[in-house]
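Student:
2 protein chains.
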Amino acid sequence: MDTTQATPGAANGSAAVPLTLRRVAIDTYRENVAYLHRDCAVYRAEGFQALAKVEVRANGRRILATLNVTTDPRIVRCNELGLSEDAFAQLGGQGGDPVLVSQAEPASSIPALHRKIAGERLTADDFQSIVRDIAEHRYSKIELTAFVVACNQGELDREEVYFLTEAMSRVGRRLDWHERPVVDKHCIGGIPGNRTSMLVVPIVAAHGMLCPKTSSRAITSPAGTADTMEVLAGVELPMDTLSDIVREHRGCLAWGGTAQLSPADDVLISVERPLSIDSPGQMVASILSKKIAAGSTHLVLDIPVGPTAKVRSMPEAQRLRKLFEFVASRMNLTLDVVITDGRQPVGAGIGPVLEARDVMRVLENDPRAPIDLRQKALRLAGRMLEFDPDVRGGDGFAIARDILDSGRALAKMNAIIHAQGARPFDHNAPELARLSFEVMAGECGVVTSIDNHQLARIARLAGAPKVRGAGVDLLRKMGEAVAAGDALYRVHADFPADLDFARQAAARSSGYRIGGADEVPHMFVEF
Amino acid sequence: MDTTQATPGAANGSAAVPLTLRRVAIDTYRENVAYLHRDCAVYRAEGFQALAKVEVRANGRRILATLNVTTDPRIVRCNELGLSEDAFAQLGGQGGDPVLVSQAEPASSIPALHRKIAGERLTADDFQSIVRDIAEHRYSKIELTAFVVACNQGELDREEVYFLTEAMSRVGRRLDWHERPVVDKHCIGGIPGNRTSMLVVPIVAAHGMLCPKTSSRAITSPAGTADTMEVLAGVELPMDTLSDIVREHRGCLAWGGTAQLSPADDVLISVERPLSIDSPGQMVASILSKKIAAGSTHLVLDIPVGPTAKVRSMPEAQRLRKLFEFVASRMNLTLDVVITDGRQPVGAGIGPVLEARDVMRVLENDPRAPIDLRQKALRLAGRMLEFDPDVRGGDGFAIARDILDSGRALAKMNAIIHAQGARPFDHNAPELARLSFEVMAGECGVVTSIDNHQLARIARLAGAPKVRGAGVDLLRKMGEAVAAGDALYRVHADFPADLDFARQAAARSSGYRIGGADEVPHMFVEF
Numbered sequence: 001m002d003t004t005q006a007t008p009g010a011a012n013g014s015a016a017v018p019l020t021l022r023r024v025a026i027d028t029y030r031e032n033v034a035y036l037h038r039d040c041a042v043y044r045a046e047g048f049q050a051l052a053k054v055e056v057r058a059n060g061r062r063i064l065a066t067l068n069v070t071t072d073p074r075i076v077r078c079n080e081l082g083l084s085e086d087a088f089a090q091l092g093g094q095g096g097d098p099v100l101v102s103q104a105e106p107a108s109s110i111p112a113l114h115r116k117i118a119g120e121r122l123t124a125d126d127f128q129s130i131v132r133d134i135a136e137h138r139y140s141k142i143e144l145t146a147f148v149v150a151c152n153q154g155e156l157d158r159e160e161v162y163f164l165t166e167a168m169s170r171v172g173r174r175l176d177w178h179e180r181p182v183v184d185k186h187c188i189g190g191i192p193g194n195r196t197s198m199l200v201v202p203i204v205a206a207h208g209m210l211c212p213k214t215s216s217r218a219i220t221s222p223a224g225t226a227d228t229m230e231v232l233a234g235v236e237l238p239m240d241t242l243s244d245i246v247r248e249h250r251g252c253l254a255w256g257g258t259a260q261l262s263p264a265d266d267v268l269i270s271v272e273r274p275l276s277i278d279s280p281g282q283m284v285a286s287i288l289s290k291k292i293a294a295g296s297t298h299l300v301l302d303i304p305v306g307p308t309a310k311v312r313s314m315p316e317a318q319r320l321r322k323l324f325e326f327v328a329s330r331m332n333l334t335l336d337v338v339i340t341d342g343r344q345p346v347g348a349g350i351g352p353v354l355e356a357r358d359v360m361r362v363l364e365n366d367p368r369a370p371i372d373l374r375q376k377a378l379r380l381a382g383r384m385l386e387f388d389p390d391v392r393g394g395d396g397f398a399i400a401r402d403i404l405d406s407g408r409a410l411a412k413m414n415a416i417i418h419a420q421g422a423r424p425f426d427h428n429a430p431e432l433a434r435l436s437f438e439v440m441a442g443e444c445g446v447v448t449s450i451d452n453h454q455l456a457r458i459a460r461l462a463g464a465p466k467v468r469g470a471g472v473d474l475l476r477k478m479g480e481a482v483a484a485g486d487a488l489y490r491v492h493a494d495f496p497a498d499l500d501f502a503r504q505a506a507a508r509s510s511g512y513r514i515g516g517a518d519e520v521p522h523m524f525v526e527f
Numbered sequence: 001m002d003t004t005q006a007t008p009g010a011a012n013g014s015a016a017v018p019l020t021l022r023r024v025a026i027d028t029y030r031e032n033v034a035y036l037h038r039d040c041a042v043y044r045a046e047g048f049q050a051l052a053k054v055e056v057r058a059n060g061r062r063i064l065a066t067l068n069v070t071t072d073p074r075i076v077r078c079n080e081l082g083l084s085e086d087a088f089a090q091l092g093g094q095g096g097d098p099v100l101v102s103q104a105e106p107a108s109s110i111p112a113l114h115r116k117i118a119g120e121r122l123t124a125d126d127f128q129s130i131v132r133d134i135a136e137h138r139y140s141k142i143e144l145t146a147f148v149v150a151c152n153q154g155e156l157d158r159e160e161v162y163f164l165t166e167a168m169s170r171v172g173r174r175l176d177w178h179e180r181p182v183v184d185k186h187c188i189g190g191i192p193g194n195r196t197s198m199l200v201v202p203i204v205a206a207h208g209m210l211c212p213k214t215s216s217r218a219i220t221s222p223a224g225t226a227d228t229m230e231v232l233a234g235v236e237l238p239m240d241t242l243s244d245i246v247r248e249h250r251g252c253l254a255w256g257g258t259a260q261l262s263p264a265d266d267v268l269i270s271v272e273r274p275l276s277i278d279s280p281g282q283m284v285a286s287i288l289s290k291k292i293a294a295g296s297t298h299l300v301l302d303i304p305v306g307p308t309a310k311v312r313s314m315p316e317a318q319r320l321r322k323l324f325e326f327v328a329s330r331m332n333l334t335l336d337v338v339i340t341d342g343r344q345p346v347g348a349g350i351g352p353v354l355e356a357r358d359v360m361r362v363l364e365n366d367p368r369a370p371i372d373l374r375q376k377a378l379r380l381a382g383r384m385l386e387f388d389p390d391v392r393g394g395d396g397f398a399i400a401r402d403i404l405d406s407g408r409a410l411a412k413m414n415a416i417i418h419a420q421g422a423r424p425f426d427h428n429a430p431e432l433a434r435l436s437f438e439v440m441a442g443e444c445g446v447v448t449s450i451d452n453h454q455l456a457r458i459a460r461l462a463g464a465p466k467v468r469g470a471g472v473d474l475l476r477k478m479g480e481a482v483a484a485g486d487a488l489y490r491v492h493a494d495f496p497a498d499l500d501f502a503r504q505a506a507a508r509s510s511g512y513r514i515g516g517a518d519e520v521p522h523m524f525v526e527f
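Quick note, the sequences are listed as chains A and B, same order. Everything in the first sequence is counted per the numbering used here, starting at 1 for the first residue and increasing by one. Everything in the second sequence is counted per the numbering used here, starting at 1 for the first residue and increasing by one.
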């Protein structure tokens with residue numbers, strides 16, 4: 001029995017003393033920082049320590065922040081609480097507002113986190129509470145990383161992946177389009193170029209299916225669909241505008257960030273990105289939770305396979321496919337997984353402007369359009385069209401091709417671009433970054449492989465996606481013959497330093513291999 | 001073959017432009033932060049991003065820091081680079097010095113880190129490069145956490161623990177005392193009170209053995225040996241002074257931080273602490289690498305076992321013992337592991353001043369001295385004395401007791417205290433924190449258990465170790481009879497808020513159980 005009682009010697013409760021809110025013009029990038037003066041009475045009374053998590057309250061709102069302590073009254077005075085730019089914006093107050101600060105309660109899911117670190121299996125409730133704490137920014141960077149690494153290493157079992165997906169889809173906003181089917185397509189990523197969404201959406205929407213596509217910006221790649229679409233039109237749209245556009249045009253190509261569809265995922269990415277962690281369980285939970293939250297009922301999922309793709313072998317692709325199918329079925333999402341050729345980049349351009357150029361050339365039926373991009377987009381669109389009960393199995397590809405060849409896809413794309421706010425763009429004269437160099441073949445032969453990682457890396461070093469016109473333009477693809485001195489690709493950059501970085505990387509390894517025609521590897525892909 | 005060549009289009013190298021160094025009076029606690037103005041030419045040219053790792057060079061020195069970006073010229077102007085307090089001190093320059101900043105090269109051991117995250121076994125070389133990067137602050141908090149969690153979860157095998165220990169002992173300073181044996185004792189921790197080092201060192205040094213003890217400050221506990229010793233004497237000693245003291249008095253009780261014995265460990269602690277991770281492999285590597293670096297040749301290691309100790313069962317203690325023995329033998333360290341009673345705190349006081357009081361009472365042979373602390377210290381000292389080739393096996397305890405009872409241990413302790421810089425202290429009137437309350441037994445019976453965690457937690461909430469006079473004074477120990485209303489322990493605090501926190505925690509659970517005399521669990525311990 002635990003039956004003892006505490007009796008007071010000499011004490012009194014500590015009253016909450018308000019401070020004055022101040023905006024500190026420091027950008028701490030996704031990390032809320034609060035600044036207190038070392039002589040601040042509250043700091044001394046509460047016994048805070050630098051880097052402790054504190055809770056800041058004002059005007060009925062509440063944020064969590066990491067504490068930094070200063071002795072410079074020009075940053076904060078003794079009676080002030082400073083907040084870094086993001087934190088100040090999140091709290092939504094004004095400089096001078098009264099503000100309360102206290103030690104943050106530790107996240108209640110921490111014991112569950114410790115069980116996961118120790119390698120135990122977690123329950124649905126555990127995942128719910130962990131994901132809620134993550135979405136509310138109650139986890140420190142250290143705790144977030146521990147969760148990601150612990151889930152990565154122990155390999156979540158498929159029930160746990162379902163629990164995590166369900167928990168992640170619940171904490172954010174959930175859209176309801178009041179009709180079925182709501183179709184979407186998604187690629188697990190890893191292949192530069194590969195801008196099929198910007199072709200698939202106008203084709204499918206032109207057919208009349210509802211396809212409200214929200215995409216991400218580049219995280220580790222040289223361009224995300226949102227970055228490329230932004231070359232042509234606005235992508236940061238308020239939800240009301242987005243709804244209107246989708247209702248009128250049956251489709252959109254917007255950035256998903258404003259929709260707050262999976263706030264926990266946005267937080268997790270901040271540690272997954274620097275660690276390049278992309279475990280199957282986290283990939284499935286991240287992708288499917290966002291689709292469910294976006295109101296999708298039907299999804300075509302693209303898993304590219306190749307030696308430098310995320311998935312390197314057919315058995316691995318099949319394992320991943322089963323995991324996606326298991327979780328999707330639990331979540332009542334109709335899923336069609338397609339395994340595609342991921343041996344090399346898709347299309348010619350790598351980087352927002354270069355990729356926008358390729359997309360528009362396909363839509364315009366321009367002879368310079370990359371044929372592989374066109375073919376892949378038609379196949380994916382065909383599968384999506386077959387979600388329509390009125391389309392016979394096997395007819396999707398031909399219908400998609402007709403929509404594209406007839407110019408109806410282009411007309412739909414132009415309608416969407418204008419609805420989202422068109423930006424001037426001419427695919428005959430795209431605004432590429434002003435500096436460039438070419439990488440040449442050192443010998444004659446046939447291109448036997450192109451390394452997705454290395455080309456993506458060179459494009460990023462050149463400045464993509466931040467510099468929109470930067471990137472890599474592929475002049476040769478696998479199987480093509482080259483002579484010594486032929487240009488393999490051209491790198492574009494705006495800053496001399498960026499160009500140098502890209503050049504050094506290309507000099508270390510161009511990413512291309514030249515060999516005999518019989519050395520081009522054949523790869524079985526499903527479609 | 002990868003045989004291509006890069007040819008320039010239009011580019012030039014970017015020259016390094018120096019900025020002016022400025023100290024920014026912000027304490028960011030063990031995390032180096034660099035501040036640049038958003039309009040700074042270098043910032044724009046290099047394309048830095050907030051939270052990127054940058055390398056800062058001045059006067060031939062180099063540090064790594066996380067970048068924060070500001071628009072407030074009162075923090076830094078366009079031509080300045082600001083550094084947070086710790087970072088500024090590390091760089092060792094003066095405000096106004098010319099300083100260069102560039103993107104930090106990513107740590108070269110990151111591929112090895114990724115292999116560990118994926119669950120692979122690492123080589124000695126992998127551990128060397130990871131530990132070197134950690135010691136040089138090349139890892140972000142996220143990467144550090146990933147390393148700690150990956151090592152924790154996959155359970156390093158014993159060869160890997162040896163590689164990690166070897167790597168950690170190599171990166172720091174290594175002391176050489178030019179004689180053998182150099183003896184030390186260490187406890188794996190987790191038991192409040194338990195201040196045996198402050199008794200063992202004077203006993204062993206009085207016998208004439210070399211015992212240069214460096215200790216840590218509290219990390220998650222209410223007091224470390226360094227915190228408690230600091231009540232009596234200075235503990236932050238320059239290496240030269242430390243050497244002189246050890247040479248003259250054969251022993252010391254100093255803080256280990258200044259010695260820079262295991263800089264990688266100091267960095268790892270910054271993420272292990274918030275996660276409460278203490279895996280066997282990391283414990284062994286952390287403890288043994290520091291002992292080797294401190295020049296110890298012989299070590300007595302104390303593993304307390306009990307239901308609320310770090311090690312909860314005898315089989316677990318034996319597994320840990322084997323791991324310590326395996327690694328110690330590879331490192332040529334003579335090791336004697338003792339498994340001790342960890343069912344409750346050792347001694348009466350928990351908190352720096354209270355523990356210093358207990359220690360001095362044992363040395364003074366005061367009748368109020370806690371008998372359990374005295375007995376445990378004598379047993380540990382006895383084992384250390386038996387490292388002396390001239391001491392017969394089994395005679396150590398009696399020799400230790402003679403040294404203590406005769407007052408020679410007290411004389412030695414006073415000599416060490418004076419050499420390190422004595423502080424006024426009277427164990428008859430220790431300066432306890434001014435507020436207090438008592439926790440009473442709710443019923444009559446016998447104390448059947450005392451929860452180490454809960455008592456440590458209450459002492460920390462009361463302010464220990466930061467408030468030196470704060471903590472918990474145990475008035476009853478296991479097996480003692482109590483009547484309802486008898487005081488079990490007294491809590492001391494300086495701040496009303498601290499007292500309230502401690503009182504609330506004690507009200508939720510006092511940490512004591514009262515039951516029948518037959519319910520006191522018996523525990524087999526080795527010694």
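In this text, a Cβ means the ideal position worked out from N, Cα and C, and glycines have one as well. Everything numeric in this text was worked out from a predicted model, so none of it was measured.
Would you call the stretch 109–116 of chain A in contact with the stretch 113–133 of chain B, where contact means no fewer than 3 C-beta pairs closer than 8 Å?
Tutor: no
Student: For residue 608(B), does the count of other Cβ atoms within 10 angstroms reach 16, so buried, or fall short, so exposed?
Tutor: There is simply no residue 608(B) to check, as chain B begins at 1 and stops at 527 in what is shown.
Student: For the alpha helix (DSSP H) that residue 111(A) lies in, which residues bound it at each end?
Tutor: 110–117
Student: Please classify residue 483(A): is it buried, with 16 or more other beta-carbons within 10 angstroms of its beta-carbon, or exposed?
Tutor: exposed
Student: Are any of the Cβ atoms in chain B nearer than 8 Å to that of residue 140(A)?
Tutor: Yes, its Cβ sits closer than 8 Å to a Cβ of chain B.
Student: For residue 295(B), tell me which candidate among 476(B), 246(B) and 152(B) has the shortest Cα-Cα distance.
Tutor: With distances taken between Cα atoms, residue 295(B) lies closest to 246(B).
Student: Select from the stretch 15–36 of chain A all residues with a C-beta closer than 9 Å to any C-beta belonging to chain B, and list them in chain order.
Tutor: 24, 25, 26, 27, 28, 29, 30, 31, 33 and 35
Student: Listed from N- to C-terminal order along the chain, which residues in the stretch 269–295 of chain B have their beta-carbon within a distance smaller than 9 Å of any beta-carbon of chain A?
Tutor: Residues passing the 9 Å Cβ filter: 270, 271, 274, 275, 276 and 277.
Student: Less than 8 Å between CB atoms is the rule here; does residue 8(B) satisfy it with respect to chain A?
Tutor: Any reading at residue 8(B) must be qualified, since the residue scores a pLDDT of 35, below 50, and its modelled position is unreliable; the value itself is stated next. Yes, residue 8(B) counts as interfacial toward chain A.
Student: Run through the DSSP bridge pairs and tell me what residue 339(B) is partnered with.
Tutor: 303(B)
Student: Looking at the C-beta of residue 39(A), does it have a partner C-beta in chain B at a distance below 8 Å?
Tutor: Taking Cβ atoms only, chain B never reaches closer than 8 Å to residue 39(A), which makes this a no.
Student: For the stretch 311–387 of chain B, list the alpha helix (DSSP H) runs that are entirely contained and at least 4 residues long, ordered along the chain.
Tutor: 314–330, 352–363 and 371–385
Student: Using beta carbons (cut-off 8 Å, strictly below), is residue 143(B) in contact with chain A?
Tutor: yes
Student: Which same chain residues end up closer than 6 Å to residue 528(B) when comparing Cβ atoms and leaving out the 5 residues on each side of it in sequence?
Tutor: Since the first and last residues shown for chain B are 1 and 527, residue 528(B) lies out of range.
Student: Can you name the residues that DSSP bridges to residue 193(B)?
Tutor: BP columns for residue 193(B) point to 346(B).
Student: Restricting to Cα atoms, I'd like to know which of 441(A), 500(A) and 273(A) is closest to residue 475(A).
Tutor: 441(A)
Student: Please report the straight-line C-alpha distance between residue 386(B) and residue 303(B), rounded to a whole angstrom.
Tutor: 19 Å
Student: Helix, strand or coil for residue 530(A)? Go by DSSP, reduced to three states.
Tutor: The shown model of chain A, from 1 to 527, leaves out residue 530(A), and the question about it has no answer.
Student: Using a Cβ cut-off of 7 Å, which residues of the stretch 71–88 of chain A contact any Cβ in chain B, in chain order?
Tutor: 71, 72, 74 and 75
Student: If we call anything under 8 Å between Cβ atoms a contact, is residue 131(A) one with residue 171(A)?
Tutor: yes
Student: Would you verify that the beta carbon of residue 114(B) is, or is not, closer than 8 Å to some beta carbon of chain A?
Tutor: yes
Student: Can you find a CB in chain C that lies within less than 8 Å of the CB of residue 299(A)?
Tutor: Considering every chain present, this structure includes no chain C. Its protein chains are A and B.
Student: For residue 171(B), would you say it is in contact with chain A, using Cβ-to-Cβ distances shorter than 8 Å as the test?
Tutor: No, residue 171(B) does not count as interfacial toward chain A.
Student: Compare the C-beta of residue 518(B) against all C-beta atoms of chain A and say whether one is closer than 8 Å.
Tutor: no
Student: Helix, strand or coil for residue 418(B)? Go by DSSP, reduced to three states.
Tutor: helix
Student: Measure from the C-beta of residue 152(B) to each C-beta in chain A and report whether the shortest distance is under 8 Å.
Tutor: yes
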